[in-house]
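Asker:
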Amino acid sequence: MTASNRSASVYGSLCCLAVIALWGIEPLFMKVALIEFDSYTITWFRVAGAFLLMFVARANLWASAPRAFLRHFWGVILSGCFLAVYFYAFVKGIEVGGPMTAAITIQIGPIALALIGFVFFHEKLIRVQIVGAFIAILGFVVFFYSRLSGVEEAQFQLEAVIIVSIAAISWAGFCVGQKIIGATIGANLLNFITFLFAALLLFPIITYPRGEQLATWSFAAIVYLSVSTFIAYWALGEAIRLLPVSIVSFFITLNPFVTIICVQILLWLGNDFFEPQPLTFYGYIGSCMALLGVAGATLRRR
Numbered sequence: 001m002t003a004s005n006r007s008a009s010v011y012g013s014l015c016c017l018a019v020i021a022l023w024g025i026e027p028l029f030m031k032v033a034l035i036e037f038d039s040y041t042i043t044w045f046r047v048a049g050a051f052l053l054m055f056v057a058r059a060n061l062w063a064s065a066p067r068a069f070l071r072h073f074w075g076v077i078l079s080g081c082f083l084a085v086y087f088y089a090f091v092k093g094i095e096v097g098g099p100m101t102a103a104i105t106i107q108i109g110p111i112a113l114a115l116i117g118f119v120f121f122h123e124k125l126i127r128v129q130i131v132g133a134f135i136a137i138l139g140f141v142v143f144f145y146s147r148l149s150g151v152e153e154a155q156f157q158l159e160a161v162i163i164v165s166i167a168a169i170s171w172a173g174f175c176v177g178q179k180i181i182g183a184t185i186g187a188n189l190l191n192f193i194t195f196l197f198a199a200l201l202l203f204p205i206i207t208y209p210r211g212e213q214l215a216t217w218s219f220a221a222i223v224y225l226s227v228s229t230f231i232a233y234w235a236l237g238e239a240i241r242l243l244p245v246s247i248v249s250f251f252i253t254l255n256p257f258v259t260i261i262c263v264q265i266l267l268w269l270g271n272d273f274f275e276p277q278p279l280t281f282y283g284y285i286g287s288c289m290a291l292l293g294v295a296g297a298t299l300r301r302r
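The opening position of the sequence shown corresponds to residue 1 in my numbering, with each subsequent residue numbered one higher.
(1) Identify whether Phe-37 lies in helix, strand or coil by the three-state DSSP scheme.
(2) Determine the direct distance from the alpha carbon of Val-56 to that of Phe-219, and round the result to whole angstroms.
(3) Give every residue of the same chain whose Cβ lies closer than 6 Å to the Cβ of Ile-206, excluding the five residues on either side of it in the sequence, and list them in chain order.
(4) Between Leu-299 and the rest of its own chain, which residues show a CB-CB distance below 8 Å, the 5 nearest in sequence each way excluded?
(5) Under the three-state reduction of DSSP, which class applies to Gly-186: helix, strand or coil?
(6) For the alpha helix (DSSP H) holding Ala-63, just list the boundary residues, first then last.
(7) Do Ile-25 and Val-258 come within 8 Å of each other at the CB atom, strictly closer than that value?
(8) Once the 5 residues before and after Ala-48 are set aside, which same chain residues still bring their CB inside 6 Å of it?
(9) Does the distance from the C-beta atom of Val-263 to that of Met-100 stay below 8 Å?
(10) Go to Pro-330, then tell me how far its alpha helix (DSSP H) extends in each direction, as first and last residue.
(11) Could you give the C-beta distance for Ala-89 and Ile-166, rounded to a whole number, given that I count them as a contact under 8 Å?
(12) Near Met-54, what residues of its chain come up, given a Cβ to Cβ distance below 6 Å and the 5 sequence neighbours on each side ignored?
(13) Take every Cβ of the stretch 170-183, pair it with every Cβ of the stretch 74-92, and state whether three or more of those distances are shorter than 8 Å.
(14) If you check the beta carbons only, do Ala-84 and Leu-201 fall under 8 Å apart?
(15) Here's the rule I'm using: 16 or more other beta-carbon atoms within 10 Å means buried, otherwise exposed. How should Pro-204 be labelled?
(16) With Met-289 and Val-142 assumed to form a contact (beta carbons below 8 Å), what rounded beta-carbon distance in angstroms separates them?
(17) Buried or exposed, going by whether 16 or more other CB atoms sit within 10 Å of the CB of His-72?
(18) Less than 8 Å between the C-beta atoms of Thr-105 and Ala-168, yes or no?
(19) According to the neighbour-count rule (16 or more other Cβ atoms, all chains shown, within 10 Å of its Cβ), is Phe-37 buried or exposed?
(20) Tell me the start and end of each unbroken alpha helix (DSSP H) in the stretch 130-154 that is at least 4 residues and wholly inside, in chain order.
(21) Which same chain residues end up closer than 6 Å to Asn-255 when comparing Cβ atoms and leaving out the 5 residues on each side of it in sequence?
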């Protein structure tokens, strides 16, 4: 490996780690934002803020956006709808069931994407993917059983699982749009257009913040989420550009471990705001099986 290749690998690895860290702690900031704002408003500010940062950082994309939108009209609309539903349902799932349930359940998305690739795009599955998918499914069953076993929380946890499952399927739909349309116009331009469309789609139903809400930690959390979303998607693009996609996918699916570790540290410190229901022994076993299984299911031949 040459010095330039080594530097590129190190840089790509750092970008990958940045995505893992940012996505891992985002559920905690969403929980803070939910103190003052509803899920629609949080989602809109997050999407609109990320779009504005894209507009400033990649102003050259604006000239190509109208033509690309008209050329792929229905595909862009569907991608924007999937993106809006994904962001909204994930925040709503955190509101109902907490960060840990949402962080694990959203990993249904990569499994759904692998299934879509196999059925509709005729992608070949290697043995490790098949084994990983079965391990992930078994892990989800164990994890969900542990979360639904508490009588008081069962209804909320079940509702959260359903909502975040919708988010996961929507994420898979957005990724299909990335595969089909992004291959033609580029992922950056597609993100630029879909984030704008998602922001316009959500705008009529948001609750406008009151003046005093702008000086709260909740609004600060929303600002952070906008910046974090922009940086994470940029870092993800850099990681994919410099590293094999299979390696990036493998490590990205492990980001819920960051969420779980952060929540558990807070619980040990006596802070149960973020997650009043800690993981049980079977919850740990199920989450580890699910995440490692999903990581295996996303591996591809180089």
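Just so it is clear, CB atoms sit at the ideal spot from N, CA and C, and this is done for glycine as well.
Answerer: Quick answer:
(1) Here residue 37 is taken as the residue at index 37 of the sequence shown, counted from 1. Phe-37: coil per DSSP, three-state reduction.
(2) Taking the sequence shown and counting its residues from 1, one reaches residue 219 at position 219. Taking the sequence shown and counting its residues from 1, one reaches residue 56 at position 56. Rounded to whole angstroms, Phe-219 to Val-56 spans 21 Å at the Cα level.
(3) To locate residue 206, count along the sequence shown from 1; it is residue 206. Hits under 6 Å: Tyr-40, Thr-41 and Trp-44.
(4) By 1-based counting over the sequence shown, the position of residue 299 is 299. If we look at Leu-299 and ignore the five residues flanking it on each side, its Cβ neighbours are Ile-126, Val-128, Gln-129, Gly-132, Ser-246, Ser-249 and Phe-250.
(5) Mapped onto the sequence shown, residue 186 falls at position 186. Gly-186 falls in the coil class under three-state DSSP.
(6) Residue numbering aside, residue 63 sits at position 63 when the sequence shown is read from its first letter. Taken as a continuous stretch (DSSP letters only), Ala-63 belongs to no alpha helix (DSSP H), as it is neither H nor E.
(7) Counted from its first residue, the sequence shown places residue 258 at position 258. Counted from its first residue, the sequence shown places residue 25 at position 25. For Val-258 and Ile-25, yes; Cβs fall inside 8 Å.
(8) Position 48 of the sequence shown, counting from 1, holds the residue named residue 48. Cβ neighbours of Ala-48 beyond the five flanking positions: Ala-199.
(9) By 1-based counting over the sequence shown, the position of residue 263 is 263. By 1-based counting over the sequence shown, the position of residue 100 is 100. For Val-263 and Met-100, yes; Cβs fall inside 8 Å.
(10) Given a span of 1 to 302 for the chain in the structure shown, any question on residue 330 remains unanswerable.
(11) For the purposes of this step, residue 89 is identified with residue 89 of the sequence shown, where counting begins at 1. For the purposes of this step, residue 166 is identified with residue 166 of the sequence shown, where counting begins at 1. Their Cβ separation, rounded to whole angstroms, is 5 Å, which keeps Ala-89 and Ile-166 in contact under 8 Å.
(12) Within the sequence shown, residue 54 is the residue found at index 54, counting from 1. Excluding sequence neighbours, Met-54 sits near Phe-192.
(13) yes
(14) For the purposes of this step, residue 84 is taken as residue 84 along the sequence shown, with counting starting at 1. For the purposes of this step, residue 201 is taken as residue 201 along the sequence shown, with counting starting at 1. For Ala-84 and Leu-201, yes; Cβs fall inside 8 Å.
(15) In the sequence shown, counting from the first residue as 1, residue 204 sits at position 204. So Pro-204 ends up on the exposed side.
(16) Here residue 289 corresponds to residue number 289 of the sequence shown, with the count starting at 1. Here residue 142 corresponds to residue number 142 of the sequence shown, with the count starting at 1. Met-289 to Val-142, Cβ: 6 Å. Contact.
(17) As a working mapping, residue 72 is identified with position 72 in the sequence shown. Buried: at least 16 other Cβ atoms inside 10 Å.
(18) Position 105 of the sequence shown, counted from the start, is the residue given in the question as residue 105. Position 168 of the sequence shown, counted from the start, is the residue given in the question as residue 168. In this structure, Ala-168 lies closer than 8 Å to Thr-105 by Cβ.
(19) Indexing the sequence shown from 1 puts residue 37 at position 37. By the neighbour-count rule (16 or more Cβ atoms within 10 Å), Phe-37 is buried.
(20) none
(21) Taking the first residue of the sequence shown as position 1, residue 255 is located at position 255. Result list for Asn-255: Ile-20, Trp-23 and Gly-24, in chain order.
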